[in-house]
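Before any comments, here is the structure.
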Amino acid sequence: MSKWKEMSEGSKKRWEQNADFWDEKMGEHSNRFHREIIRPDTERLLSIKQNDRVLDIACGNGNFSKRLVEFGAHVTAFDYSYKMIENSKKRCSQYLDRINFRVVDATKYEEIIGLREFGPFDKAVSNMAIMDISDVEPLLIGVYELLKPNGILVFSTIHPCFQSPRMRQIVETEDMGDGICVRKGIQIFEYITPCVYEGIGISGQPVSQFYYHRPLNKLLKMCFDIGFVLNGFEEPVFELDETCSNFDWNEIPPVIIIRLLKTP
Ligand SMILES: C[S@@+](CC[C@H](N)C(=O)[O-])C[C@H]1O[C@@H](n2cnc3c(N)ncnc32)[C@H](O)[C@@H]1O
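The opening position of the sequence shown corresponds to residue 2 in my numbering, with each subsequent residue numbered one higher.
Laid out in structure tokens, this is it:
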């Protein structure tokens with residue numbers, strides 16, 4: 002078994018262990034990060050129309066799948082964690098006529114392509130999961146095939162330039178004589194080499210998770226080689242809160258949101 006495949010199995014075990022905790026934390030409406038940073042741009046880039054067929058990739062506890070239905074979509078949603086899918090079905094029990102939940106591993110092309118019975122899809126979306134997937138090429142190839150011509154894939158992922166392995170957040174204060182100056186910044190040590198590292202997504206989660214770091218050039222090249230065209234790009238930040246003394250992501254964007262078009 003290759004090192005990356007082993008990592009994928011390791012990742013999956015950890016997501017099973019974290020599933021109930023994540024379900025509780027994300028609840029019905031997700032957390033502030035998703036509500037303020039991810040959803041507004043994602044929903045605008047997706048622009049769901051009545052009866053759109055949408056694929057929700059690595060859907061977690063399914064709360065966004067439900068939101069897609071509320072916008073009028075028919076949804077197929079998958080995750081490789083059985084527990085996540087079990088929780089999704091419970092959470093969305095009144096929506097199961099509009100959502101097919103499936104256990105599918107995004108690193109396995111055959112499993113992705115097995116979803117064709119629910120397609121072809123107008124749109125696909127993946128919220129904050131690309132960095133958790135050990136090998137994204139099978140997913141991108143599979144999704145490209147499952148989309149209709151002119152179909153789109155919108156995904157968000159941690160910003161590889163500003164959230165790379167061993168990154169440090171810095172908050173400095175300096176007495177300027179006539180007031181205290183606060184500077185907030187990031188120190189980056191590693192960027193260009195893809196790698197795996199461990200981290201905590203939500204403080205208090207039972208076990209750490211693996212992150213798969215890919216520099217922008219590698220991630221985008223993979224998309225372009227498959228045939229996708231980039232036609233949307235966002236770097237959302239939180240609103241400035243002058244009273245906040247922590248590092249607060251209002252000048253440096255914590256994530257990127259990308260829209261890719263399948264050209265006919
Ligand atoms: C950070 S959570 C995001 C969940 C959801 N999209 C949301 O926004 O709340 C990442 C999800 O990716 C899933 N995941 C990671 N690797 C995967 C893979 N190879 N195939 C399918 N799902 C995967 C995990 O099980 C987890 O539910």
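Glycine included, each C-beta is placed from N, C-alpha and C at the ideal position. This one's a predicted model, so the numbers in the text were calculated from it and none came from an experiment.
TODO: Return the first residue and the last residue of the alpha helix (DSSP H) that Asp226 is part of.
DONE: 217-227
Open item on the list: Here's the rule I'm using: 16 or more other beta-carbon atoms within 10 Å means buried, otherwise exposed. How should Ile295 be labelled?
Closed with: The question about residue 295 has no answer here: the residues shown for the chain are numbered 2 through 265.
Open item on the list: Please classify Lys14 as buried or exposed, where buried requires at least 16 neighbouring CB atoms within 10 angstroms.
Closed with: exposed
Task: Environment of ligand 1 in chain order, Cβ to heavy atom below 5 Å - done: Trp16, Ala59, Gly61, Asp80, Tyr81, Ser82, Met85, Asp106, Ala107, Thr108, Asn128, Met129, Ala130, Asp133, Ile134
- [ ] Can you say whether Ser9 is buried or exposed, counting buried as having 16 or more other CB atoms within 10 angstroms of its CB?
- [x] buried
Task: Residues that Ile187 bridges to, as DSSP identifies them - done: Gln170
Open item on the list: Excluding the 5 residues flanking Gln210 on each side, which residues of the same chain have their C-beta closer than 8 Å to its C-beta?
Closed with: Ser12, Arg15, Trp16, Asn19, Asp133, Glu199, Gly200, Ile201, Gly202
Open item on the list: Need the endpoints of the beta strand (DSSP E) that Thr108 sits in, please.
Closed with: Neither: Thr108 is in no beta strand (DSSP E) and is coded neither H nor E.
Task: Under the three-state DSSP convention, the category Asp334 falls into - done: Nothing in the structure corresponds to residue 334, since the chain is present only between 2 and 265.
Open item on the list: Buried or exposed, going by whether 16 or more other CB atoms sit within 10 Å of the CB of Arg36?
Closed with: exposed
Task: Contact belief for Asn62 with Asp98 at Cβ below 8 Å, rounded distance in angstroms - done: The pair is not a contact, with the Cβ atoms about 19 Å apart (cut-off 8 Å).
- [ ] Could you check how far apart the C-beta atoms of Leu277 and Ala125 are, in whole angstroms? I think they sit under 8 Å.
- [x] Absent from the model: residue 277. The displayed extent of the chain is 2 to 265, so no value can be given.
Task: Bridge partner(s) assigned by DSSP for Glu200 - done: A small fix is needed here, since residue 200 is Gly in this sequence, not Glu. DSSP output for Gly200 lists Gln210 as bridge partner(s).
Open item on the list: With DSSP as the reference, identify every bridge partner of Ile58, one or two as the case may be.
Closed with: Phe79
Task: Reduced DSSP secondary structure (H/G/I, E/B, other) of Glu175 - done: strand
Open item on the list: Here's a check: name, in chain order, each residue in its chain whose Cβ is nearer than 6 Å to the Cβ of Thr174, leaving out the five neighbours to either side.
Closed with: Ile181, Val183
Open item on the list: Please classify Ile189 as buried or exposed, where buried requires at least 16 other C-beta atoms within 10 Å of its C-beta.
Closed with: exposed
Open item on the list: Can you look up Val144 in the DSSP assignment and give me helix, strand or coil?
Closed with: helix
Open item on the list: Once DSSP output is grouped into helix, strand and coil, what is the label at Ile39?
Closed with: helix
Open item on the list: Is the beta carbon of Ile193 closer than 8 Å to that of Phe163?
Closed with: no
Task: Interface flag, Cys60 vs chain B, CB-CB below 8 Å - done: Note that chain B does not occur in the displayed structure, where there is just one protein chain.
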